[in-house]
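Count the sequence shown with our numbering and you get residues 182 to 339, in order. Where is the CB? At the ideal position from N, CA and C, for every residue including glycine. These numbers come from a predicted model, not from an experiment. Working notes, structure below.
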Amino acid sequence: MSQTPINQMQDRKPDINILTQQLKTAQSFAGPITPTATVKVEPKEEEQMPTSGTNLSEFVNQLEDYVPTVPDAVTVSYMQRAGFENIDPRIVRLISLASQKFVSDIAHDALQHCKMRGQSGQSSRKSGKDKRYTLSMDDLSPALNEYGVHVKKPPYFT
């Protein structure tokens, strides 16, 4: 079996010497890499994407002023349970925002399931504005299953 960077070490870290050797071997077979023709594609003004580094740093700095729906104390508690030690408040807000988005997506999907289930068996007695929906496990379970959270309703309640 030939040595590859993947199976070289027991802890599955690639060996840099083998990677360098393989790169030199590949370059010797292929020759120097030179582009034959260069094509410069410039996006339109409305399609230009700014650099990701500046947007990310600006976004993280804007999180200092943002008050998330999930309280910081709750997020810090779960982060400490997961093993975080030194916690930056901006990272706490970022994780709070991500968890808020996750819960919002699940609630939206559950609402869509409820609407689809309601359309099949009811006549439209109420207008769309007056109709109220109730979140039930029948709607929440398929929405959670889409995100990899498997919930089973118990056969009885005590």
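Rounded separation between residue i and residue j - CA only
i                 : j                 : result
isoleucine 268    : tyrosine 247      : 17 Å
leucine 316       : leucine 237       : 36 Å
histidine 331     : alanine 291       : 14 Å
cysteine 295      : aspartate 320     : 6 Å
glutamate 245     : tyrosine 259      : 20 Å
methionine 297    : tyrosine 314      : 12 Å
alanine 263       : phenylalanine 338 : 32 Å
phenylalanine 240 : proline 336       : 46 Å
arginine 274      : glycine 329       : 24 Å
asparagine 242    : proline 249       : 14 Å
glutamine 300     : serine 322        : 19 Å
glutamine 261     : valine 284        : 21 Å
glutamate 266     : isoleucine 272    : 12 Å
lysine 312        : glutamate 327     : 26 Å
N- and C-terminal bounds of the alpha helix (DSSP H) containing residue i
i             : result
tyrosine 259  : 253 to 263
aspartate 246 : Where aspartate 246 is concerned, there is no enclosing alpha helix (DSSP H), given that its DSSP letter is neither H nor E.
serine 322    : 318 to 327
Contacting residues, own chain, Cβ-Cβ under 8 Å from residue i (five flanking each side not counted)
i             : result
proline 270   : Glu245 and Asp253
threonine 217 : Note on threonine 217: pLDDT 45, under 50, position unreliable in the model; the coordinate value appears next. None.
Proximity below 8 Å, CB of residue i to CB of residue j
i              : j             : result
isoleucine 287 : threonine 256 : no
Sequence-distant residues of its chain with Cβ nearer than 6 Å to residue i (five each side left out)
i              : result
methionine 318 : Lys334
valine 354     : Look at the range of the chain in this structure, 182 to 339, and you will see that residue 354 is not part of it.
7 Å Cβ shell around residue i - same chain, five flanking residues per side excluded
i           : result
valine 222  : Its pLDDT being 49, under 50, valine 222 is placed unreliably by the model, and nothing is read from it.
alanine 324 : Ile287, Asp290, Ala291 and His294
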